[in-house]
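Read the structure below first, then the notes.
Residue numbers (my numbering): 429 to 843.
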């Protein structure tokens with residue numbers, strides 16, 4: 429028998445802090461699946477390219493395939509969790525993720541690896557989308573924003589540790605071993621969810637009607653101008669972040685001469701900034717309206733993008749490039765929790781999975797589409813990366829300003 433929980437609350441429940449901490453760690457681990465899958469093997473890309481006798485472009489497609497899988501998988505897992513509850517689709521997704529990750533380690537060609545990476549992303553998406561839906565099941569408004577900020581404290585460690593961990597592991601194991609590590613991580617999270625995660629969507633609150641109901645739900649959400657504004661903004665903001673993730677290894681190491689160790693340090697500092705900004709946003713939520721926090725975060729991102737483009741065009745070099753990238757990355761710690769809370773607030777639990785799925789698919793689709801922009805001009809210039817980041821941050825501001833400029837009545841108190 430599954431056990432239902434009370435309806436979402438507007439403030440975090442003070443009781444049972446131990447259970448709340450376990451929930452944070454559990455959902456944080458689910459949110460970490462995506463950055464770990466993307467970032468852990470970044471230091472292995474040159475070795476992988478040589479070992480599979482392929483090109484850098486095809487190797488980068490293994491990254492794009494994972495991101496596309498993460499986008500598509502959320503569209504499937506989110507509605508399934510609205511219909512069958514959160515627990516069952518989550519467990520199936522985690523089990524399939526562990527298997528797909530293990531198969532990646534035995535890929536004989538880059539083409540097979542690209543296909544398996546797409547499957548790995550699609551199955552790992554269950555943890556990402558259902559984790560957000562579980563938060564919506566339990567929390568509302570400011571409390572949700574604070575909880576998303578806490579999740580960022582846990583999941584934000586993944587991009588800090590993943591490249592450095594991957595680099596250290598490569599000293600002892602070849603690149604396929606990194607996918608074995610991901611498989612083991614998926615298995616551990618599966619066991620933890622199996623033993624410690626209760627159902628948060630009781631049968632009476634679930635969506636009825638199968639695929640037609642899901643399609644109608646998607647249609648209703650896509651017709652909601654405010655929701656679409658927030659969805660576009662989260663996708664464009666993540667696009668700027670992913671452009672930085674995909675382009676910075678080449679720009680900072682090959683163009684500006686950073687060593688792999690120095691690059692890992694710079695990457696880690698930026699990730700620390702993201703986590704710290706997320707905690708600052710969580711503390712300010714409730715004192716400052718969520719919409720104002722979002723506006724501040726978007727402003728910091730635009731400032732970072734403008735400084736980066738100025739630094740690249742003027743030849744100012746690393747003294748300005750690194751602080752600009754720090755601002756772009758840190759701003760995401762404020763932007764992402766606020767957008768997610770604003771987009772999901774006021775919506776009934778039976779559509780939370782579908783709404784979370786649309787947020788996720790927009791986020792990862794735009795992120796995957798933006799990634800190649802960093803390399804358009806070849807390895808000799810950082811202008812495409814800087815211009816793409818600057819343009820995407822401005823576009824995110826426009827999406828919020830033009831489409832989500834008025835909150836619905838249900839979220840008016842937080843807007």
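Quick reminder that beta carbons are idealized off the backbone N, C-alpha and C, glycines included. All of these numbers come straight from a predicted model, not from anything done at the bench.
Check: With a floor of 4 residues, list each alpha helix (DSSP H) that falls wholly inside the stretch 561-639, ordered by position along the chain.; Outcome: 569-583, 585-597, 604-624
Check: Should the stretch 544-558 be regarded as contacting the stretch 487-500, the criterion being three or more beta carbon pairs within less than 8 Å?; Outcome: yes
Check: What is the rounded straight-line gap between the Cα of residue 714 and the Cα of residue 762?; Outcome: 14 Å
Check: Going by the beta-carbon positions, is the gap between residue 645 and residue 779 smaller than 8 Å?; Outcome: yes
Check: From residue 815 to residue 791, what does the alpha carbon distance come to, in whole angstroms?; Outcome: 19 Å
Check: Can you give the beta carbon distance from residue 798 to residue 667, rounded, assuming they're within the 8 Å contact cut?; Outcome: 4 Å
Check: I need the straight-line Cα distance from residue 709 to residue 665, nearest angstrom please.; Outcome: 16 Å
Check: How would you call residue 534, buried or exposed, if buried means at least 16 neighbouring beta carbons within 10 angstroms?; Outcome: exposed
Check: Going by CA-CA distance only, name the one from 732, 745, 674, 829 that's closest to residue 683.; Outcome: 745
Check: Is DSSP giving residue 533 helix, strand or coil here?; Outcome: coil
Check: Apart from the five residues just before and just after residue 825, which ones in its own chain have a Cβ nearer than 7 Å to its Cβ?; Outcome: 726, 730
Check: Within this structure, are the beta carbons of residue 757 and residue 691 separated by less than 8 Å?; Outcome: no
Check: Assign residue 542 to one of two classes, buried (16 or more other C-beta atoms within 10 Å of its C-beta) or exposed (fewer than that).; Outcome: buried
Check: By the three-class DSSP mapping on this structure, what secondary structure does residue 528 have?; Outcome: helix
Check: Does residue 651 come out as helix, strand or coil in the three-state DSSP assignment?; Outcome: coil
Check: Looking at C-alpha atoms only, which residue of 722, 803, 518, 694 is the closest neighbour of residue 706?; Outcome: 722
Check: Are the Cβ atoms of residue 514 and residue 466 separated by less than 8 Å?; Outcome: no
Check: Which of helix, strand or coil does DSSP assign to residue 459?; Outcome: helix
Check: Specify, as a first and last residue, the run of the alpha helix (DSSP H) that residue 503 falls within.; Outcome: 484-512
Check: Is residue 795 near residue 663, with beta carbons less than 8 Å apart?; Outcome: yes
Check: Determine the direct distance from the alpha carbon of residue 765 to that of residue 832, and round the result to whole angstroms.; Outcome: 16 Å
Check: Between 502, 517, 621, which has its C-alpha nearest residue 509's C-alpha?; Outcome: 517
Check: Specify the secondary structure class of residue 744 as computed by DSSP and reduced to three states.; Outcome: coil
Check: If I'm right that residue 523 touches residue 458 with Cβ under 8 Å, what's the distance once you round it to whole angstroms?; Outcome: Wrong, their Cβ atoms sit about 14 Å apart, outside the cutoff.
Check: Is DSSP giving residue 832 helix, strand or coil here?; Outcome: coil
Check: Return the bridge partner residues of residue 716 from the DSSP annotation.; Outcome: 713
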